[in-house]
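Reviewing the structure listed below.
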Amino acid sequence: MWRTTTKLLVATTALGGGAAAATIASSDDPAMALKLCTNVPLRLYRDSITAATIAFDYEYSLWGLPEGSAERAKAKHEVHMRGARRLEELCFRNGGIYIKLGQHLGQLEYLVPEEYVRIMRESMLNKCPHSSYDQVHEVVKKELGGAPDEIFDEFDPVPIASASLAQVHVARTHDGQKVAVKVQHTHMTDTAAADYATVELIVNTLHRFFPSFDYRWLIAEVRESLPKELNFLVEAKNSVRCMDNFRKLSPRIADYVYAPRVYWNLSTSKLLTMEYMEAAQVNDLKSIEKLGIQPSDVVNLVSETFAEMMFKHGFVHCDPHAANLLVRPFPSGRRSIFGRRKPQLILLDHGLYKELDYNTRINYAALWKALVYSDADGIKENCVKLGAGDDLYALFAGILTMRPWNKVIDSSVDHLVVKGTDSDRSELQMYASQYFPQITELLRRLPRVILLMLKTNDCLRAVNGSLIQGPSLESFVIIGRVSSEAVLDSMLLQKRSLLSWINFWIQKILLEGRLCVMHIALWLLQLQKALTL
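In this text, residue positions in the sequence shown follow the UniProt record's numbering: the first is 1, and each later residue adds one.
The following block contains the structure:
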């Protein structure tokens with residue numbers, strides 16, 4: 001492995017240098033080409049050195065340690081930590097796309113070791129590098145035709161947040177409106193295409209030497225989504241369409257989901273000016289409780305919001321990590337029957353959306369309906385329809401729910417709940433390592449839109465897990481209800497006959513009865529838990 005990765009280092013660096021010379025010679029802008037071609041080989045060199053170092057560390061540290069021994073388990077944990085830290089450092093030094101890829105890795109808990117998942121989640125969301133104010137000044141002047149203090153009445157030079165592609169500054173318009181100004185990092189424009197080509201080269205080369213290392217699907221997804229994410233006008237249009245969908249297709253919760261208003265006259269493809277939101281981050285448990293909001297109500301709202309997107313809208317926000325979800329009390333002051341303040345969910349960063357075509361949306365809804373109701377035949381049927389095949393459908397169900405097959409088809413009401421205990425976590429990690437080749441094959445088979453749904457599920461699982469301790473039973477009841485409603489609606493659309501209409505209402509009544517039973521079982525479980533405390 002060490003010899004192979006050393007050859008990879010030499011070959012990719014030489015290839016990068018040759019490509020750099022050719023680019024400078026043929027470019028219409030030699031100065032920019034020179035800037036790119038000095039940065040790209042350096043990044044390629046860092047990539048290769050990091051890959052070689054991580055590979056050597058695994059080979060050397062685990063050499064001679066018996067499989068299954070306590071010594072090997074301890075050594076593997078330590079080498080996982082070192083590898084994750086090296087990868088974290090590489091992502092931060094290169095920035096941009098690399099941070100985006102690090103965020104993706106942080107959601108692949110069914111595929112990569114827990115140490116990588118934890119470190120990537122902790123760092124890639126909250127510790128992204130900032131652009132300097134001079135760089136921000138340059139972008140504002142180029143995009144809006146004036147310096148920040150000319151375009152805005154006030155403009156805070158210190159960003160309140162920074163992500164992989166942009167950072168956000170608080171400002172005030174000349175008519176007194178407080179706004180959030182999202183400014184794209186200048187280096188994204190300079191290096192995005194080159195960085196993508198570099199990462200693609202590394203991944204393809206590694207796959208050639210190590211066939212089981214197949215992350216080409218992730219590179220293909222970045223290739224498709226990155227141009228859209230770098231165009232902030234696409235993001236603005238997505239936010240408008242998202243809110244329209246809730247008003248038209250999900251009126252029951254439309255008022256409880258919100259996206260900041262866009263100031264179109266102060267927005268371009270590289271700069272987005274939005275309404276400033278006074279709200280708590282969705283994983284800030286203390287702030288949410290200070291607002292008088294029950295965390296369980298937030299979990300239920302998040303679950304219902306994304307269930308409606310996936311199963312009814314077919315237009316899904318695919319980056320719902322904690323930094324992109326805010327919570328505030330419902331503006332009218334409306335309260336629940338128990339006097340609790342109702343939450344309103346605020347969706348940020350609408351750059352990454354995926355559309356599910358009709359058949360995919362209904363099959364995905366039918367799959368989740370079967371998962372919630374422990375319908376083994378329905379699970380197999382819809383997994384196969386989505387591309388998992390007759391041989392890997394159980395594995396697909398396990399990845400979706402993070403539960404082994406025997407728990408997936410268990411008839412108990414809480415069979416899908418991951419309780420977060422040490423035994424649960426070790427079971428999931430063992431499951432992932434045991435079936436790694438099959439998981440890789442499954443990811444190769446599934447459509448990319450379904451892979452993005454997996455990522456979205458992982459984000460939501462992490463968000464909900466940060467809000468409540470223990471099982472979130474009600475969220476699965478919500479998912480079961482929304483997915484079942486989507487399937488029923490499709491039945492009514494397919495055949496507009498009297499018989500189909502009667503069948504629809506019979507199924508509707510049966511659904512309500514099943515949900516009623518689940519709510520009673522849920523209440524009994526909660527009562528049992530309260531009595532044992």
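Cβ coordinates follow ideal geometry from the N, Cα and C atoms, glycine included.
Put residue i into one of helix, strand or coil per three-state DSSP.
| i | result |
| --- | --- |
| Y215 | coil |
| I202 | helix |
| S287 | helix |
| M274 | strand |
| F504 | helix |
| F436 | helix |
| A166 | strand |
| A180 | strand |
| I119 | helix |
| Y263 | coil |
| F155 | strand |
| A521 | helix |
| residue 548 | It is not possible to answer for residue 548, since the shown part of the chain is limited to 1 through 533. |
| Q294 | coil |
| V112 | coil |
| V257 | strand |
| A279 | coil |
| R403 | coil |
| R223 | helix |
| R172 | strand |
| L515 | helix |
Within its chain, find whatever has a CB closer than 6 Å to the CB of residue i; leave out the 5 residues flanking it on each side and keep chain order.
| i | result |
| --- | --- |
| I202 | D47 |
| H169 | D156, P159 and V181 |
| S483 | F311, A365, W368 and K369 |
| R121 | G106 |
| E71 | L65 |
| Q103 | M124 |
Sorted by chain position, which residues of the same chain lie with C-beta nearer than 7 Å to residue i's C-beta, five sequence neighbours on each side aside?
| i | result |
| --- | --- |
| K407 | H415 |
| G398 | P404, W405, V408 and Y431 |
| Q135 | T186 |
| E355 | G314 and F315 |
| T173 | F152, D153 and V179 |
| C318 | L352, Y353, K354, L452, K455 and T456 |
| E200 | I219 |
Tell me, please, whether the CB atom of residue i is closer than 8 Å to any CB atom in chain C?
| i | result |
| --- | --- |
| D489 | Of the protein chains in the structure, only one exists, and it is not chain C. |
Leaving out five residues before and five after residue i in sequence, what residues of the same chain have Cβ atoms less than 8 Å from its Cβ?
| i | result |
| --- | --- |
| R445 | G387, A388, G389 and L392 |
| D255 | F330 and Q344 |
| I520 | none |
| F504 | L488, M491 and L492 |
| T53 | R86 |
Does the beta-carbon of residue i have 16 or more other beta-carbons within 10 angstroms, so that it is buried, or is it exposed?
| i | result |
| --- | --- |
| A84 | buried |
| C459 | buried |
| C516 | exposed |
| K312 | buried |
| I99 | buried |
| Q494 | exposed |
| K178 | exposed |
| A55 | buried |
| H130 | exposed |
| Y60 | exposed |
| residue 591 | Residue coverage of the chain in this structure runs from 1 to 533, which leaves residue 591 outside it and unanswerable. |
| L524 | exposed |
| T360 | buried |
| G351 | buried |
| R43 | buried |
| L531 | exposed |
| L527 | exposed |
| S164 | buried |
| D349 | buried |
Assuming residue i contacts residue j (C-beta within less than 8 Å), just tell me the rounded distance between them.
| i | j | result |
| --- | --- | --- |
| Y353 | N245 | Not a contact, Cβ separation roughly 11 Å. |
| S269 | L233 | 5 Å |
| L301 | L345 | 5 Å |
| R241 | F306 | In fact, because the Cβ distance is near 16 Å, the residues do not count as touching under 8 Å. |
| A166 | V183 | 6 Å |
| Y116 | H77 | Contact flag wrong, Cβ pair sits at about 12 Å. |
| A279 | V327 | 6 Å |
| E289 | I253 | Between I253 and E289 the Cβ distance is about 22 Å, and since that is not below 8 Å, they are no contact. |
| L522 | E474 | 6 Å |
| Y196 | R223 | 6 Å |
| G292 | R216 | Going by Cβ atoms, the distance from G292 to R216 rounds to 48 Å, so no, they are not a contact pair. |
| V282 | V298 | 7 Å |
Is residue i close to the ligand NAD? I mean its beta-carbon at under 7 Å from any heavy atom of the ligand.
| i | result |
| --- | --- |
| M243 | Ligands are entirely absent from the displayed structure, and the ligand NAD is therefore not among its contents. |
**OP:** Please list the segments of the beta strand (DSSP E) lying wholly inside the region 316-400, counting only runs of 3 or more residues, in order along the chain.
**Re:** 325-329, 343-347 and 353-355
Original post:
What runs of the alpha helix (DSSP H), each 4 residues or longer, lie entirely inside the region 38-110?
Top reply: 70-94 and 97-105
Subject >> Ranges of the alpha helix (DSSP H) found wholly within the region 440-481, counting only runs of at least 4 >> reply: 448-467
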